[in-house]
Amino acid sequence: MVKLNKIYTRTGDDGTTALVSGPRRAKHDLRVEAYGTIDETNSAIGVARLHTADLAELDAMLALIQNDLFDLGADLATPETAEPPAYEPLRIVESQVTRLEQDIDRLNADLQPLKSFVLPGGSAAAAHLHLARTIARRAERLMVALARSDGEIVSAAALQYVNRLSDFLFVAARHANNGGKADVLWVPGKNR
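Add 33 to the 1-based position in the sequence shown for our numbering, that's all there is to it.
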């Protein structure tokens, strides 16, 4: 369990931060960027949840996702190495991906089919969920770049989870827009 007695340690004053497994990395390191952007996604979901109290099922799904995102951050902050750690590191697992897919399917079942791309907006909840979606996509791009870097490993389950997350947030935004009825649709060339 995490124990935080002192918030500042001064150890990061040199521009580095410690990974869960101990080694220090530059604060601009791709791995640190990836888990930092997962944290940013989680914060954006927290703001979106200020507007989902009347959508109990969706809000409960978002609460589970917020917890998963801490798991994902811990996963990314504990790189796989040739020598396994003395403890079992926290990793995203397939069941978390499966649950996310089931939640997507559940919310999508009630939505009207799309005939155009959706502009971010509509209700406050939908707008914030769209913002969280774009941050999740940035996190995914960083995780893919990290996974393709020499000597770095990102699990397939972690990559699947972050890919499904942005899909979930898109469907959730539509759900928050009165089941898609209040979606703001893109009209190609409307302002020419």
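Note that CB positions come from ideal geometry on N, CA and C, so glycine has one too.
*Near Leu152, which residues of its chain fall below 6 Å by C-beta distance, leaving aside the five closest residues on each side in sequence?*
Val217, Trp219
*asked:* By the DSSP assignment, the alpha helix (DSSP H) with Thr85 in it spans what residues?
replied: It is not in any alpha helix (DSSP H) - Thr85 carries neither H nor E in the DSSP assignment.
*Taking just the CA atoms, how far does Ala93 sit from Leu179?*
31 Å
*Distance, Cα to Cα, Ala159 vs Phe150?*
Between Ala159 and Phe150, the C-alpha separation is close to 15 Å.
*Nearest to Thr131 by alpha carbon, out of Gln193, Ala115, Thr74, Thr70?*
The closest CA to that of Thr131, considering only Gln193, Ala115, Thr74, Thr70, is found on Gln193.
_Asn211, buried or exposed, once every other Cβ within 10 Å from all chains shown has been counted against 16_ = Residue burial annotation: Asn211 is exposed, with fewer than 16 other C-beta atoms found within 10 angstroms of its C-beta.
_Ala51, enclosing beta strand (DSSP E) - first and last residue_ = 49-51
*Assign His61 to one of two classes, buried (16 or more other C-beta atoms within 10 Å of its C-beta) or exposed (fewer than that).*
His61 should be labelled exposed.
_Unbroken alpha helix (DSSP H) run spanning Ser199, endpoints_ = 189-209
*Is any beta-carbon of chain B found at less than 8 Å from that of Arg170?*
Chain labels in this structure do not include chain B; a single protein chain is all it has.
*Express the C-alpha separation of Asp47 and Phe103 in angstroms, rounding to a whole number.*
25 Å
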